Amino acid sequence: MARQCVGPAARYVLVSFVISSAWRAVWAVTRYSIPEEMNEGSVVANLAGDLGLNAGSLAERGVKLDIFHSKKYLGVNKETGELYVLEKIDREYLCPVKTSSCLLKLDVTIENPIRIFNIELEILDINDHAPHFRKETIHLDISESALPGERFSLNNAVDPDVGSNSIKTYKLSESEHFKIEIQGGSDGSKYVDLVLKKALDREDQAVHNLILTAVDGGIPARSGTASIIVRVLDTNDNAPQFDRQVYSFNITENSPIGTLVLKLNATDLDDGSNADILYSFTFYTSEKTQEMFTLNQNTGEIKVKDVIDFEEIKILEMHIQAKDQGHHPMSGQCTVMVYVADVNDNYPEITVKSLRSTVKENIPVGTVIALVGISDRDSGDNGKVDLSISEESPFVLNKSSESAFELVVSELLDRETVPEYSIVLTVTDRGIPPLSDNETISLELLDVNDNAPHFPKSFYTIPVMENNAPGSLLSSVTAFDPDFHENHVHRKRMRIVCFARADDSERDLKEVLCCELVVWISR
């Protein structure tokens with residue numbers, strides 16, 4: 001049981017945690033466990049300390065919490081590095097299917113530099129539900145010719161809690177003629193049969209009123225009750241019988257609705273209406289199973305009613321009753337086990353995290369551009385996936401775990417050659433036929449000043465007519481720079497040197513022979 005301390009500023013709770021022995025900076029898994037229904041504000045753990053982070057730098061670096069659920073149950077205090085409860089967690093709402101373990105998965109992303117931590121928070125059950133029966137009153141018609149030891153299935157109780165907090169036992173009010181026997185189902189549920197321990201006499205007592213109590217294993221224990229009304233009847237001395245007590249068959253997931261699964265056959269040695277049989281599910285059959293299959297009460301045909309998903313359920317158990325139509329009905333029972341086979345019906349998925357959309361063209365070889373995760377909900381080879389990258393690309397994928405990769409620069413980049421890359425990642429499973437999916441990452445290269453401006457020619461000859469008017473355009477020259485924006489040609493400077501012939505005696509300029517134009521360019 002978690003120990004909880006409440007102070008004026010915050011509430012703290014003692015939790016247990018396990019850090020995966022195969023530690024990796026990005027893909028390690030940190031596990032905590034807390035009881036459900038913790039108060040808002042309760043501290044789950046010192047996340048910064050457990051992950052080896054400096055709590056004082058979290059606000060500056062940036063912390064992002066991704067919870068894989070529609071509700072935002074948790075938050076991170078960026079000042080203290082504590083993981084705390086934002087909203088009470090109801091285990092039965094979070095994990096509606098009864099399982100021994102209920103996990104809330106979340107990712108903590110720390111920026112500058114990027115680190116991703118996988119967190120699994122196990123929600124422990126508390127005994128916050130009492131057992132209850134689907135029907136408050138159970139009616140049974142039992143022939144006075146029934147022999148001691150004959151069994152009658154009862155409406156079992158349900159309890160959303162799990163483990164020791166689920167139904168532990170049943171109790172029956174004191175009775176001279178009846179007792180109960182408890183059985184366990186394949187899913188760990190408890191079922192109860194009413195057993196006749198002494199022959200009935202309708203003339204002595206026509207109706208028996210009993211109280212059935214379901215008790216869970218919590219501390220303190222909770223309970224729920226149902227009334228049992230037994231009406232004593234006569235006649236009809238043969239019960240229907242199935243040719244087998246247990247039927248087993250396999251079915252592939254996604255079988256079309258209406259697919260015939262099995263045709264049951266029960267026989268009754270009686271004649272007339274006492275041999276007319278109706279088939280039905282017993283209380284032992286879960287509501288989930290009854291949603292997946294239909295049972296024709298007249299023919300005993302079992303057909304697919306809803307889409308069957310191997311990823312949701314792998315084994316289904318049906319308990320069928322064959323009941324005759326005599327004045328005093330009798331019944332026989334059988335069990336049908338359904339084993340679901342997986343098909344490759346789920347496409348593999350790619351998850352890209354911490355993507356850089358722009359990088360400088362002089363980024364070093366070996367720099368990580370993105371973190372890539374792959375997954376597939378199928379099982380076996382259908383769930384095994386491979387990741388590949390488009391050919392002739394200056395990037396490679398480095399595998400960091402079975403489902404995690406780093407996209408890394410493998411060659412020197414040049415914006416003047418290729419200014420932008422579209423990197424295509426393809427994930428493919430190993431099913432037959434295989435399924436695949438693509439993800440395209442666009443990466444823009446930012447310019448650096450790695451090219452000097454230059455003229456197409458180092459020397460130009462420009463013929464000039466004499467007597468040109470001042471301001472006349474003689475010629476034009478153009479300089480080139482492959483760089484971009486501020487790294488491009490910024491300004492030009494020029495100097496003109498002219499050569500002339502003068503009369504030495506008169507010191508007068510007679511004629512201009514030629515001029516030299518020198519141009520400098522800079523950024």
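Numbering (the UniProt record's numbering), first residue to last: 1 to 523.
Backbone N, C-alpha and C fix where the C-beta goes; we use that ideal spot for every residue, glycine too.
Every value quoted in this text rests on a predicted model; they were computed, and no experiment measured them.
Expressed to the nearest angstrom, what Euclidean distance is found between the alpha-carbon atoms of residue i and residue j?
i           : j      : result
Val26       : Ile389 : Confidence at Val26 is low in this model, with a pLDDT of 46, below 50, so its placement is unreliable and the value that follows should be read with caution. Cα to Cα, Val26 sits roughly 21 angstroms from Ile389.
residue 526 : Ser357 : Residue 526 lies beyond the stretch modelled for the chain, which goes from 1 to 523, so this question has no answer here.
residue 530 : Thr285 : Outside the modelled stretch of the chain, which goes from 1 to 523, sits residue 530, for which no answer is possible.
Ile363      : Ser410 : 11 angstroms
Val359      : Glu444 : 7 angstroms
Leu397      : Phe405 : 6 angstroms
Gly332      : Glu203 : 26 angstroms
Phe68       : Leu106 : 6 angstroms
Val261      : Pro434 : 28 angstroms
Leu264      : Gly300 : 5 angstroms
Val43       : Ser101 : 21 angstroms
Phe249      : Ile313 : 15 angstroms
Pro419      : Leu446 : 8 angstroms
Pro329      : Asp306 : 32 angstroms
His327      : Ala266 : 19 angstroms
Lys197      : Glu150 : 8 angstroms
Asp270      : Asn298 : 17 angstroms
Ser70       : Cys95  : 13 angstroms
Asn346      : Leu387 : 16 angstroms
For residue i, count the other beta carbons within 10 Å of its own beta carbon; 16 or more makes it buried, fewer makes it exposed. Which is it?
i           : result
residue 547 : Outside the shown range of the chain (1 to 523) lies residue 547, about which nothing can therefore be said.
Asp324      : buried
Ser184      : Going by the sequence as given, residue 184 is Gly instead of Ser. When all chains shown are included, Gly184 counts as exposed.
Asp268      : buried
Ala370      : buried
Gly56       : exposed
Pro456      : exposed
Ser164      : exposed
Asp243      : exposed
Gly258      : exposed
Phe459      : exposed
Ala469      : exposed
Ala502      : Bear in mind that a pLDDT of 47 at Ala502, under 50, signals an unreliable position, so the model cannot answer this.
His177      : buried
Gly62       : exposed
Thr30       : buried
Val365      : exposed
Asp66       : exposed
Val372      : buried
Could one say the Cβ of residue i lies closer than 8 angstroms to chain B's Cβ atoms, at least one of them?
i      : result
Phe152 : Within the model displayed, chain B is absent; a lone protein chain is all it includes.
If you check the beta carbons only, do residue i and residue j fall under 8 angstroms apart?
i           : j      : result
Leu154      : Ile142 : no
Glu122      : Tyr32  : yes
Thr294      : Glu317 : no
Ser401      : Ser375 : no
Pro240      : Ala199 : no
Val85       : Glu136 : no
Ser379      : Asp437 : no
Gly81       : Leu47  : yes
residue 526 : Lys179 : The shown model of the chain, from 1 to 523, leaves out residue 526, and the question about it has no answer.
Arg91       : Asp50  : no
Ile110      : Met38  : no
Ser255      : Val304 : yes
Ala206      : Val232 : yes
Do you know whose CA, among the options, lies nearest residue i's CA?
i           : options                        : result
Leu210      : Gly217, Ser173, Val368         : Ser173
Val340      : Glu361, Glu181, Val365, Ile308 : Ile308
residue 530 : Ser189, Asp201, His208, Ala206 : Nothing can be reported for residue 530, as the shown portion of the chain is limited to 1 through 523.
Glu36       : Leu47, Thr426, Leu103          : Leu103
Asn145      : Lys78, Asn238, Asp414, Thr169  : Per the sequence shown, the amino acid found at residue 145 is Ser instead of Asn. It is Asn238.
Asn127      : Asp201, Pro220, Thr169, Glu120 : Pro220
Phe310      : Asn382, Pro329, Ile320         : Asn382
Arg377      : Pro419, Thr417, Arg430         : Arg430
Glu287      : Leu262, Gly49, Val97, Val63    : Val97
Ile320      : Asp270, Lys72, Thr282          : Thr282
Ile229      : Ile89, Asn54, Phe152, Asn77    : Phe152
Ile432      : Glu420, Asp193, Lys384         : Lys384
Ile251      : Val29, Ile315, Ile423, Asn467  : Ile315
Glu79       : Tyr73, Glu60, Tyr279           : Glu60
Val424      : Thr440, Thr417, Leu412, Leu413 : Thr440
Ala130      : Leu83, Lys64, Thr169, Asp414   : Thr169
Leu140      : Asn112, Ile114, His208, Ile182 : His208
Pro113      : Glu416, Thr367, Pro463         : Thr367
Is it the case that the segment 156-171 contacts the segment 215-229, given that we only count it when at least three CB pairs across the two stretches are under 8 angstroms? yes
Touch test, the segment 337-353 against the segment 389-398, Cβ-Cβ under 8 angstroms, three pairs minimum: no
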